[in-house]
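A.B. asks: Residue numbers (the working numbering), protein chains in the order written: chain A, 1 to 136; chain B, 1001 to 1136. Positions of the beta carbon are idealized from the N, C-alpha and C atoms, including for glycine. Because the structure is a prediction, the values reported are computed rather than measured.
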DNA sequence: TGTAAAACAGTAATGATTCCTAGTTTTATA
DNA sequence: TATAAAACTAGGAATCATTACTGTTTTACA
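#1: For residue 1025 of chain B and chain A, any beta-carbon pair shorter than 9 Å?
#2: Could you tell me how far apart the beta carbons of residue 1023 of chain B and residue 1069 of chain B are, in whole angstroms, since I believe they sit closer than 8 Å?
#3: According to DSSP, simplified to helix, strand and coil, what is residue 1069 of chain B?
#4: Assuming residue 1028 of chain B and residue 1048 of chain B form a contact by the criterion Cβ under 8 Å, report the distance between their Cβ atoms to the nearest whole angstrom.
#5: Between the region 1081-1097 of chain B and the region 1117-1127 of chain B, can you find at least three pairs of beta-carbon atoms closer than 8 Å?
#6: So residue 1101 of chain B and residue 92 of chain A are in contact, right, with Cβ under 8 Å, and what is the actual spacing, rounded?
#7: By how many angstroms is the C-alpha of residue 5 of chain A removed from the C-alpha of residue 1021 of chain B?
#8: Per the DSSP calculation, residue 1114 of chain B is bridged to which residue(s)?
#9: From this set, B:1055, B:1002, B:1044 and B:1001, which residue's C-alpha is nearest residue 1012 of chain B's C-alpha?
#10: Run through DSSP, which three-state label would residue 97 of chain A get?
#11: Within 10 angstroms of its Cβ, does residue 78 of chain A collect 16 or more other Cβ (buried), or is it exposed?
#12: By how many angstroms is the C-alpha of residue 1015 of chain B removed from the C-alpha of residue 1087 of chain B?
#13: Taking any Cβ of chain A, which residues in the region 1111-1129 of chain B have a Cβ under 9 Å from it, in chain order?
#14: So which residues on chain B does residue 75 of chain A lean against when the C-beta distance must stay under 8 Å?
#15: Closer than 9 Å, CB to CB, is residue 1079 of chain B near chain A or not?
#16: At a Cβ threshold of 9 Å, is residue 63 of chain A touching chain B?
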């Protein structure tokens, strides 16, 4: 199935490339809709999947039940705040070594790795009041 | 909220401790039902969540859209086969170093880490016919 | 331009998980 | 042992992210 150009796909990809916060499909939809009012949510999902399959973006599953998308396809780790849910990049030098080590030890083929750290981001550490408000 | 004993919870925990393949909630349900015929799926979910919150098991989100559960709560990586979807343990020595490195570089608090490798398991590598059948 | 393939908008369907409620089990205490 | 409060259960309804379907519009190319 040849891929044809679509304005919608380009707008989606452009939007993603301008963000560093790894938005969800719905966030992409809400934002792209500002400049492209009658794009449909299905189109957003279809193109995010297509771009992912073609390796132009990557899909992140950080464990909050919603897929996030990242236009940065370099190999890097992520951090997810257990309080506010924000997702940030966390580049670590040891990723290559780890992948090599895993390939050495595992009986099978390893193609890629996904590493995610969990904790509290700086903002949530500095504003503990927000946590009690949330739990109240 | 104090935790009271429940037969269902114990059966669920026992079942998980006897498996190394990181079953999903539904697999737990289907199996536990053999010996406990009218346990409900909601009870399975509730107890898996409760056990996870109490740190007696861990929840794995490997990116197939379904939660997996692991009675082994030691720090270890996982491997997920992109073909058959099986989930296996993959212990690596470098996990401690990686966590230390992440804590050094990240401005915030890091509590835990989740690392998952993706590729083809040995069985799927050895039976490439299954792959073409699947795609056909 | 004319046409076939691919993409679209809009909406319905799916499926994992959570929520709800009335009834049951557990546990602490008398 | 009774008993009462708190926690738990079964069963089913509700939620919500994502995918599938359908008739229409774009794109690519002759």
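C.D. replies: In short, the structure shows the following:
#1: Taking the second chain and counting its residues from 1, the one referred to as residue 1025 of chain B is at position 25. Residue-level contact by beta carbon fails for residue 1025 of chain B and chain A, as no gap is shorter than 9 Å.
#2: Numbered from its first residue, the second chain carries residue 1023 of chain B at position 23. Numbered from its first residue, the second chain carries residue 1069 of chain B at position 69. 6 Å between Cβ atoms; contact.
#3: The residue you call residue 1069 of chain B lines up with position 69 of the second chain. Residue 1069 of chain B falls in the strand class under three-state DSSP.
#4: Counted from its first residue, the second chain places residue 1028 of chain B at position 28. Counted from its first residue, the second chain places residue 1048 of chain B at position 48. Going by Cβ atoms, the distance from residue 1028 of chain B to residue 1048 of chain B rounds to 7 Å, so yes, they are a contact pair.
#5: yes
#6: Numbered from its first residue, the second chain carries residue 1101 of chain B at position 101. Numbered from its first residue, the first chain carries residue 92 of chain A at position 92. About 6 Å separates the CB atoms of residue 1101 of chain B and residue 92 of chain A; that is less than 8 Å, so the two are in contact.
#7: By 1-based counting over the second chain, the position of residue 1021 of chain B is 21. By 1-based counting over the first chain, the position of residue 5 of chain A is 5. Rounded to the nearest whole angstrom, the C-alpha separation of residue 1021 of chain B and residue 5 of chain A is 43 Å.
#8: Residue numbering aside, residue 1114 of chain B sits at position 114 when the second chain is read from its first letter. Per DSSP, A:116.
#9: Working through the second chain from its first residue, we reach residue 1012 of chain B at position 12. That would be B:1044, whose Cα lies nearest to the Cα of residue 1012 of chain B.
#10: Numbered from its first residue, the first chain carries residue 97 of chain A at position 97. Three-state result, residue 97 of chain A: helix.
#11: The sequence position of residue 78 of chain A within the first chain is 78, counting from 1. Label assigned to residue 78 of chain A: buried.
#12: Locating residue 1087 of chain B in the second chain gives position 87, where the first residue counts as 1. Locating residue 1015 of chain B in the second chain gives position 15, where the first residue counts as 1. C-alpha separation (whole angstroms): 17 Å.
#13: 1111, 1112, 1113, 1114, 1115, 1116, 1117, 1118, 1119, 1120, 1121, 1122, 1123, 1124 and 1125
#14: As a working mapping, residue 75 of chain A is identified with position 75 in the first chain. What residue 75 of chain A touches in chain B: nothing, since even the nearest Cβ is about 12 Å away.
#15: Within the second chain, the letter at position 79 stands for residue 1079 of chain B. Interface residue, yes.
#16: Here residue 63 of chain A corresponds to residue number 63 of the first chain, with the count starting at 1. With 9 Å as the cut-off, residue 63 of chain A counts as an interface residue toward chain B.
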